[in-house]
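Visitor:
Numbering (UniProt numbering), first residue to last: 1 to 263.
1) Between which two residues does the alpha helix (DSSP H) carrying residue 44 extend?
2) Does the separation of the CB atoms of residue 208 and residue 254 fall below 9 Å?
3) First and last residue of the alpha helix (DSSP H) that includes residue 16?
4) On a CA-only basis, which of 143, 111, 145, 150 is nearest residue 124? Give me that one, please.
5) Note down, one range per segment and in chain order, each alpha helix (DSSP H) of at least 4 residues found wholly within the stretch 165 to 224.
6) In the DSSP assignment, find the beta strand (DSSP E) that holds residue 140 and state where it starts and stops.
7) If contact is defined by three or more beta carbon pairs under 8 Å, each pair taking one atom from either stretch, is the stretch 28 to 46 in contact with the stretch 1 to 8?
8) Cβ-heavy atom distance between residue 52 and the ligand ATP below 8 Å?
9) For residue 61, list the residues DSSP reports as bridge partners.
10) Report the rounded CA-to-CA distance for residue 261 versus residue 126, giving the unit in angstroms.
11) Using 8 Å as the Cβ pair cut-off and three pairs as the minimum, do the stretch 160 to 179 and the stretch 189 to 198 touch?
12) Taking the alpha helix (DSSP H) that residue 99 falls in, what are its first and last residues?
13) Ordered along the chain, which non-local residues of its own chain (more than five positions away) have a Cβ less than 8 Å from that of residue 244?
14) Identify whether residue 77 lies in helix, strand or coil by the three-state DSSP scheme.
15) Going by DSSP, what residues sit across from residue 161 in a beta bridge?
16) Return yes when the Cβ of residue 62 is within less than 9 Å of the Cβ of residue 33, no when it is not.
17) Can you find the residues in the same chain that come closer than 7 Å, C-beta to C-beta, to residue 153, ignoring five residues on each side of it along the sequence?
18) So is residue 22 buried or exposed if we call it buried at 16+ other beta carbons inside 10 Å?
19) Would you list the one or two residues that DSSP bridges to residue 227?
20) Report the residue from 142, 174, 52, 225 whose alpha carbon sits nearest the alpha carbon of residue 109.
In structure tokens form, the structure reads like this:
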């Protein structure tokens with residue numbers, strides 16, 4: 001999402017820098033890239049194609065459907081069977097792929113998950129999967145009830161929701177998914193922090209001589225083995241800082257201090 005222009009619209013200010021981020025990510029061992037044809041629109045996917053195609057077998061590209069873009073930069077929902085099939089085709093074309101590794105069905109809106117049935121949408125995507133055009137299916141921006149409804153239609157491999165140290169309403173869902181070997185993919189790992197919460201995170205990061213982001217990402221990785229991370233960035237230096245979170249080991253004291261951020 002960070003590779004497109006402002007408000008995720010249009011091309012990046014630094015095209016070569018965006019290409020460098022993608023190539024450096026794979027060189028550093030990143031194997032999970034999250035995107036959507038709606039980012040730009042098309043911009044993020046076309047950058048991925050330019051930087052990485054033909055795609056290494058080790059790299060899984062996850063995309064999502066369920067929303068389009070309008071001229072004002074909004075995200076109108078697009079969830080009818082034909083709209084979903086068109087978004088599938090758009091993703092396929094802009095990525096230059098013969099099939100999509102993983103497609104997440106995005107529900108809710110910019111305010112978060114919203115009630116509503118996900119069954120028809122999942123049936124549409126499951127049909128594409130049965131045609132061997134999609135590898136795996138997931139869901140995004142969903143309630144626990146929608147997760148259960150989706151799983152009643154077809155197997156899913158991941159749930160992508162907002163979750164971080166300060167916003168932990170999915171704690172129970174994460175644990176239940178872990179028991180079933182389903183990945184949980186948190187987005188906005190530093191989103192929604194109050195100033196006091198940010199200060200507490202800074203204190204831990206300062207003591208460990210690292211960045212807030214590295215600590216937040218390390219906490220997520222230690223929170224549960226089924227958590228996969230997708231922090232966005234448009235700079236190689238920032239990418240490398242984020243990756244340090246994977247090798248940062250937090251002590252029991254660190255974890256206790258960080259857990260208090262949510263209290």
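Cβ atoms here follow ideal geometry from the backbone N, Cα and C, with glycine treated the same way.
Predicted model only: the values in this text are computed from it and were never measured.
Guide: Quick look at the numbers:
1) 43 to 52
2) yes
3) 15 to 27
4) 150
5) 171 to 179, 195 to 208, 212 to 223
6) 134 to 140
7) yes
8) Ligands in the displayed structure: none, and consequently the ligand ATP is not present.
9) 33
10) 40 Å
11) yes
12) First-last for residue 99: undefined, no H or E at that position.
13) 210, 211, 214
14) strand
15) 186
16) yes
17) 119, 122, 123, 126
18) buried
19) 184
20) 142
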